[in-house]
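In the UniProt record's numbering, the protein residues as written are 1 to 127.
Glycine included, each C-beta is placed from N, C-alpha and C at the ideal position.
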Amino acid sequence: MDSILVFHEFPNVFPADLPCVPPNRGIDSAIDLELGTKSIFISPYRMALTELKDLKDELQDLLDKGFILHSVSPWGEPVLFGKENDGTMRMCMDYTKLNKVMIKNKYPLLCIDDLFDKLLEYHCSPR
Numbered sequence: 001m002d003s004i005l006v007f008h009e010f011p012n013v014f015p016a017d018l019p020c021v022p023p024n025r026g027i028d029s030a031i032d033l034e035l036g037t038k039s040i041f042i043s044p045y046r047m048a049l050t051e052l053k054d055l056k057d058e059l060q061d062l063l064d065k066g067f068i069l070h071s072v073s074p075w076g077e078p079v080l081f082g083k084e085n086d087g088t089m090r091m092c093m094d095y096t097k098l099n100k101v102m103i104k105n106k107y108p109l110l111c112i113d114d115l116f117d118k119l120l121e122y123h124c125s126p127r
């Protein structure tokens, strides 16, 4: 419940829709895979016409915003849709096969209480 209050108290920090890709923060990220892993490409799942329309609309929106680019990558995971509480459909990627060959991080997560204590040092002010 507290998280919902914070969400409404700072609407400029939590926009309903991101207008563009966030700025580069100088941090490169990568997914480490098991040695010898070949590219994974899984054919798309069969979809209803409404799902195909939703997929086309979502992909076009993501392309228009610059969040995704056209690709000819040998890697590909299937798309599926999950129903939201309000009845709308949410696009999801099935990364099951990729997850099986990923090298998992082997360091402990920080204690959530310590993270919240550190957050107390920071202040959020509107722009």
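Is I103 near D32, with beta carbons less than 7 Å apart?
Position 103 of the sequence shown, counted from the first residue, corresponds to residue 103. Position 32 of the sequence shown, counted from the first residue, corresponds to residue 32. Cβ atoms of I103 and D32: closer than 7 Å.
What three-state label does DSSP hand V101 in the structure shown?
As a position in the sequence shown, residue 101 is number 101, starting the count at 1. V101: helix per DSSP, three-state reduction.
CB I42 to CB E9, shorter than 7 Å?
The residue given as residue 42 occupies position 42 in the sequence shown. The residue given as residue 9 occupies position 9 in the sequence shown. No, the Cβ-Cβ distance between I42 and E9 is not below 7 Å.
According to DSSP, simplified to helix, strand and coil, what is F41?
Locating residue 41 in the sequence shown gives position 41, counting from the first residue. Strand.
Let me know the secondary structure DSSP gives F81 once reduced to three states.
Your numbering for residue 81 matches position 81 in the sequence shown. Here F81 sits in strand by DSSP.
Endpoints, beta strand (DSSP E) assigned at M91
Working through the sequence shown from its first residue, we reach residue 91 at position 91. Residue range 89 to 93 is occupied by the beta strand (DSSP E) that includes M91.
Specify the secondary structure class of L63 as computed by DSSP and reduced to three states.
As a first step, residue 63 must be located in the sequence shown, where it is residue number 63. In the structure shown, L63 sits in a helix (DSSP, three-state: H, G or I).
Taking the Cβ atom as the reference point for each residue, do L80 and Y45 lie within a distance shorter than 7 Å?
The residue given as residue 80 occupies position 80 in the sequence shown. The residue given as residue 45 occupies position 45 in the sequence shown. Yes, the pair counts as a contact, with Cβ atoms nearer than the cut-off.
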